[in-house]
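K.L.:
Numbering (my numbering), first residue to last: 7 to 140.
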Amino acid sequence: MFRLAPFAALALLATAASADPGTPLTAEEFDALSRGRTLTYAAGGQVYGIEQYLPGRKVRWAFLGDICKEGSWFPDGEHICFAYDGLPDLQCWTFYDTPGGLSAQFRGDPAGEPLVAVEDSPEPLGCAGPDVGV
7 MFRLAPFAAL ALLATAASAD PGTPLTAEEF DALSRGRTLT YAAGGQVYGI EQYLPGRKVR
67 WAFLGDICKE GSWFPDGEHI CFAYDGLPDL QCWTFYDTPG GLSAQFRGDP AGEPLVAVED
127 SPEPLGCAGP DVGV
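Rendered as structure tokens:
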């Protein structure tokens, strides 16, 4: 199970990006690693966004400083695809459990910078924006 301090994980990003990530996680393995957690993802040493993984393959995502999007995920071969409310396109990723943290490679962009989970919290994602009430 991964649990890295944010700064230690950021130091491992270059290693995680250049190393062979190994075997993609199955949907069951991904669910077991993510459910009940709120993960902060970074790419290229910069925090990218935060996702909360809820029961029933539901998620809550926010780009850094943006409002939250509700959604769900499902397996598609070796990919985990996310469908978010209000967004027309699926976001499909291959996930790996690496020494540097949970790593995700976007489908169709094998040379792109992977996202790496740099912070792991059991706390819910704090959402702000027009769709969130008091």
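A virtual CB, placed ideally from N, CA and C, is assigned to each residue, including glycine.
(1) Just to confirm my understanding: we take P30, look at its own chain, exclude 5 residues before and 5 after, and list those with CB closer than 7 Å. What are they?
(2) Which of the three DSSP states is assigned to G118 in this structure?
(3) When you compare only the Cα positions, how much space is there between A123 and G107?
(4) Can A38 and P81 be called in contact, C-beta distance under 9 Å?
(5) Taking C-beta to C-beta, are P120 and P27 nearer than 9 Å?
(6) Taking only three categories from DSSP, how would you classify E84?
(7) State the Cα-Cα distance for the pair D115 and I86, rounded to the nearest angstrom.
(8) What's the call for L19, buried or exposed, on a 16-neighbour Cβ count within 10 Å?
(9) My understanding is that S78 touches Y59, with C-beta atoms under 8 Å, so please give their C-beta distance in whole angstroms.
(10) Starting from the C-beta of A49, find all residues in its chain whose C-beta is less than 6 Å away, skip the five residues before and the five after it, and write them out in chain order.
(11) Using only CA atoms, which one of S109, I73, E57 lies nearest to C133?
(12) Rounding to the nearest angstrom, what Cα-Cα distance links A68 and Y47 in this structure?
P.N.:
Taking the structure as given:
(1) Locating residue 30 in the sequence shown gives position 24, where the first residue counts as 1. Result list for P30: E84, T100, F101, Y102, in chain order.
(2) As a first step, residue 118 is located in the sequence shown; it is residue number 112 there, counting from the start. Three-state result, G118: coil.
(3) The residue labelled residue 123 in the question sits at position 117 within the sequence shown. The residue labelled residue 107 in the question sits at position 101 within the sequence shown. Approximately 5 Å, taken between the alpha carbons.
(4) In the sequence shown, counting from the first residue as 1, residue 38 sits at position 32. In the sequence shown, counting from the first residue as 1, residue 81 sits at position 75. Not closer than 9 Å, so no.
(5) Translated into positions along the sequence shown, residue 120 becomes position 114. Translated into positions along the sequence shown, residue 27 becomes position 21. Yes. Within cutoff.
(6) On the sequence shown, residue 84 is found 78 positions in, with the first residue counted as 1. Correct three-state label for E84: coil.
(7) Position 109 of the sequence shown, counted from the start, is the residue given in the question as residue 115. Position 80 of the sequence shown, counted from the start, is the residue given in the question as residue 86. Those two C-alpha atoms are separated by around 15 Å.
(8) Working through the sequence shown from its first residue, we reach residue 19 at position 13. Residue confidence is low: L19 scores 40 on pLDDT, short of 50, so the model does not pin down where it sits. No coordinate-derived value is stated.
(9) The count along the sequence shown starts at 1 and reaches residue 78 at position 72. The count along the sequence shown starts at 1 and reaches residue 59 at position 53. That belief does not hold up - the Cβ atoms of S78 and Y59 are roughly 11 Å apart, past 8 Å.
(10) Along the sequence shown, read from residue 1 onward, the residue named residue 49 stands at position 43. Once the five neighbours on either side are set aside, the close Cβ partners of A49 are E119, L121.
(11) Along the sequence shown, read from residue 1 onward, the residue named residue 133 stands at position 127. The candidate whose alpha carbon is nearest that of C133 is I73.
(12) Along the sequence shown, read from residue 1 onward, the residue named residue 68 stands at position 62. Along the sequence shown, read from residue 1 onward, the residue named residue 47 stands at position 41. Taking the straight line joining both Cα atoms gives about 10 Å.
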